[in-house]
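Visitor: Handing you this structure, nothing more for now.
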Amino acid sequence: IAIGFQGGMRDTQHMVNNLLVEVDGDTASSEAYVYAHHVIEQAGEMMELVIGARYLDHFRRDGQGHWKISFRTELLDWARMTPIPERWFEDNREMPKGRRDREDPSYGFVGKR
Numbered sequence: 648i649a650i651g652f653q654g655g656m657r658d659t660q661h662m663v664n665n666l667l668v669e670v671d672g673d674t675a676s677s678e679a680y681v682y683a684h685h686v687i688e689q690a691g692e693m694m695e696l697v698i699g700a701r702y703l704d705h706f707r708r709d710g711q712g713h714w715k716i717s718f719r720t721e722l723l724d725w726a727r728m729t730p731i732p733e734r735w736f737e738d739n740r741e742m743p744k745g746r747r748d749r750e751d752p753s754y755g756f757v758g759k760r
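Set out below in structure tokens:
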């Protein structure tokens, strides 16, 4: 579902924070707050969709000691959608833009000193 939803977005970013984890042997449960920011085109207009949500996860440690998510549900706490003035993009053309492929500037930057 998320991949199909993401495909219609011009930009997207998720920030996960305030993580609470309770470990019990080889299982664990967690709650994490999520702030999701999306730029989408709707009826020819650029819109900003901002979402506040939480991930509720169960984890299980496998035989090699790796923790893996065994179950996840997302709770939607709030959302807001507002128009983005097209002028903002015109006024900020000189700013470097991120990309969703290996042409993103981070590929040539991270790990090089």
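Just so you know, we're using my numbering here: the sequence shown kicks off at 648 and counts up by one.
Think of the CB as a built atom: it goes at the ideal place given N, C-alpha and C, for glycine as much as any other residue.
Scan the region 693 to 752 and note each continuous beta strand (DSSP E) run of 3 residues or more that stays entirely inside, going in chain order.
Guide: Counting whole runs of 3 or more residues, the region 693 to 752 contains the beta strand (DSSP E) stretches 714 to 730.
Visitor: As a quick exercise: from Val681, Ala690, Arg707, pick the residue whose alpha carbon is nearest that of Val670.
Guide: When each option's Cα is compared against that of Val670, the closest is Arg707.
Visitor: Under 8 Å, do Met728 and Glu695 count as touching if we go by C-beta distance?
Guide: The answer is yes: Cβ separation under 8 Å.
Visitor: Since Asp658 is in the beta strand (DSSP E), which residue starts that stretch and which ends it?
Guide: Looking at the DSSP string, the run of the beta strand (DSSP E) that includes Asp658 is 656 to 671.
Visitor: To which residues of the same chain is Ile648 closer than 8 Å at the C-beta, ignoring the five residues directly before and after it?
Guide: Any reading at Ile648 needs caution, since the residue's pLDDT is 41, under 50, leaving its predicted position unreliable; the model's value is listed next. Excluding residues within five positions, none has a Cβ falling inside 8 Å.
Visitor: Exposed or buried, which one is His685 when buried takes at least 16 other CB atoms within 10 Å?
Guide: Looking at its Cβ environment, which holds 16 or more other Cβ atoms inside 10 Å, His685 is buried.
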